[in-house]
């Protein structure tokens, strides 16, 4: 995290000082992620070194940078800094020329261009310094020069064999988010650059699209076409979508499990608890029986929440109507299947883990050489010799640092892979191409095309082999075929090469490295590397007495079968009731509580009334109060979770109630997804999130108004009845 901290404290400096802490938090969330172990970042070491050099230069001149942009310094301060710099021996330091350019810019644009050009020339091979120069030029509003820094940075990225740099892209994304508030045009410029440094990040395209909405619908539609194209061709994008959809579904099913079970428990548990209290010894006072039994019931939650849920189901089952049993059975079936959630969550977690094998391989393919990442991959290969994806990752890093001997050894170690694995075949072909063994390289590329004729990377690389053999016409045909399959990838690759390197393409830019295809990711790599029973057990174990999820599911299924088969009483309607409801207030009573048909409180309120009219009046008053309390209960439940109040009625229609519960679960799952997006530092564009909330909010408002109307109407009817 050293790089992030130093970037926060030093690189932003002046007008970015108010954003320092937020930038740190953003990078902490977006780059490292709070739920994943920290992973070394490509170019982090170079930026860290550049920060130290910058600090050393300004400290040597006793210059302290504050929150004021350099070009806005007063004349005396500029003069003092110029005098200090004139005596500096560091005339060939890019920071010397940048500072002179910023100070002299107010005097002469010509001098400014000379100094800025010199600063860029001196830092042309130092990505860390160029990045910090960009920050200074951006905050001092020299946008054209800031773009030149990013162009040079992009060139260095391509030279290193990388196609993206997440560290640069995400910091640019943050700058663009802040610029939206004051300068949308500049924000779009920054987003365009962020997209160049990480084309696989859909959030950037979303922000660009919604900045064009609604005045430039063609650009809006084009950006979403890009997102769909990216979704089709990128397993990273597909994994993000699948994870988001599953998080939505998970919360949806949690609501379907808990809502009917909890409300039906609230409705019927008093019957069972009262019956259990009768079992207590006669020496236990009546006023202590209900509290003791209730306390014992809720204490099951201390053992485990699942114990409380199953205990509730067993206690209330006999008291449910036929329709209520159907509804509760649906919830219990979902509860039986709930241990499967740990397998799905663990698989998605492992697949998205930045330091995991799948993401590490993607980083090796798409980013440049990183010493820390390379060492981490080597450690993984030494721990597990059968981890072929780690071995392939190591070989790609070795290719990018031109260590062909080590790469050859690693490629030989994974020769046992299936012949149809395009990742291995293209990596092996790239190794031989870089070693100038064109025949072997061509053999591996043709093996890929033998199994998949539409592999754009293999076609493009095969074209490069043909160019090495001076077969220009054949090479042109292969490139044309590759461009027809993946036009965005191939055309962008060629365009960037011609833009930055003309006809002198660096070796690592003459070939394409192959990331995992979505098809192979979901059918081969995801099952091999993400489906892990140990991780699933770690996620599930705290939930149910550290019992593995599959065994837990078996236990849940057995409990459900016991409930269905042994807790039904076909003669329950014929038996003499031992539990009654007070005929005035509806409170639960039994023979031991009070003889007769009144509870203790109603009996005390009416025991001295001998007049029939007075007794009837008191009955109506008590009954009215009870109805009002029940109306308020229904109103509260119906407001909090629309449709659930129907479960409190005497008779329910299962399908109607289920439809209402499904609708409310959809609404609240949507709320949860939207607010989760808000919590990730608002990197998602706000407008679509707000639009997504419109229908759920209208839904809730409608049911709030309806609950109020029903309650008011019920109060009036009760009042008229008295």
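In the working numbering, the protein residues as written are 160 to 881. Positions of the beta carbon are idealized from the N, C-alpha and C atoms, including for glycine.
- Between residue 304 and residue 291, the C-beta spacing is not below 8 Å.
- One alpha carbon belongs to residue 857, the other to residue 708, and they sit about 39 Å apart.
- Taking residue 326 as the centre and dropping the five residues before and after it, the same chain places the C-beta of 190, 200, 201, 202 and 203 closer than 7 Å to its C-beta, in chain order.
- Of all C-beta pairs linking the segment 413-427 to the segment 386-398, fewer than three are shorter than 8 Å, placing the two stretches out of contact.
- Distance between residue 539 and residue 568, taken at the CA atoms: about 16 Å.
- Contact between residue 618 and residue 640 holds: their C-beta atoms lie close to 5 Å from each other, under 8 Å.
- Pairing residue 867 with residue 874, the inter-Cα distance amounts to about 10 Å.
- For residue 359, the CB contacts under 6 Å within the same chain, skipping 5 residues up- and downstream, are 393 and 395 in chain order.
- Residue 671 and residue 519 have their C-alpha atoms spaced approximately 18 Å apart.
- Here the alpha carbon of residue 553 sits roughly 42 Å from the alpha carbon of residue 412.
- With three or more CB-CB distances shorter than 8 Å, the segment 314-321 counts as touching the segment 520-530.
- Under the three-pair Cβ rule at 8 Å, the segment 583-592 counts as touching the segment 672-680.
- Collapsing the DSSP output to three states places residue 797 in a helix.
- For the set 800, 863, 688 and 462, the Cα lying nearest the Cα of residue 512 is the one of 688.
- For residue 726, there is no enclosing alpha helix (DSSP H), since its DSSP letter is neither H nor E.
- As the crow flies, the alpha-carbon of residue 459 is around 34 Å from that of residue 833.
- Between the alpha carbons of residue 240 and residue 260 lies a gap of roughly 12 Å.
- Excluding sequence positions up to five before and after residue 698, its CB lies within less than 7 Å of the CB of 501, 504 and 505, all in the same chain and listed in chain order.
- Inter-residue distance for residue 598 and residue 521 is about 27 Å (C-alpha atoms, whole angstroms).
- DSSP places residue 827 within a helical segment (H, G or I) once states are collapsed to three.
- Residue 640: member of the alpha helix (DSSP H) spanning 631-644, first to last residue.
- At the C-beta level, residue 353 and residue 387 stay beyond 8 Å of one another.
- Distance from the CA atom of residue 208 to the CA atom of residue 287, rounded to whole angstroms, is 7 Å.
- Contact between the segment 400-414 and the segment 449-457 is absent: fewer than three C-beta pairs spanning the two stretches fall below 8 Å.
- For the 8 Å CB-CB criterion, residue 623 and residue 592 form a contact.
- Note on residue 461: under 16 other CB atoms within 10 angstroms of its CB, so exposed under the neighbour-count rule.
- Contact between residue 216 and residue 245 fails: their C-beta atoms lie close to 14 Å from each other, not under 8 Å.
- Collapsing the DSSP output to three states places residue 671 in coil.
- Closest by C-alpha distance to residue 611, out of 280, 679 and 571, is 679.
- Your pair residue 487 and residue 479 checks out as a contact, with CB atoms roughly 6 Å apart and the cut at 8 Å.
- Around the CB of residue 341, fewer than 16 other CB atoms lie within 10 Å, so the residue is classed as exposed.
- Straight across, the Cα-Cα distance linking residue 347 with residue 279 is about 24 Å.
- Where residue 244 is concerned, the enclosing alpha helix (DSSP H) starts and stops at 234-245.
- Taking one beta carbon from each stretch, the segment 542-561 and the segment 714-729 have fewer than 3 pairs nearer than 8 Å; the two do not touch.
- The beta carbon of residue 852 is closer than 7 Å to those of 833 in its chain, skipping five residues each way along the sequence.
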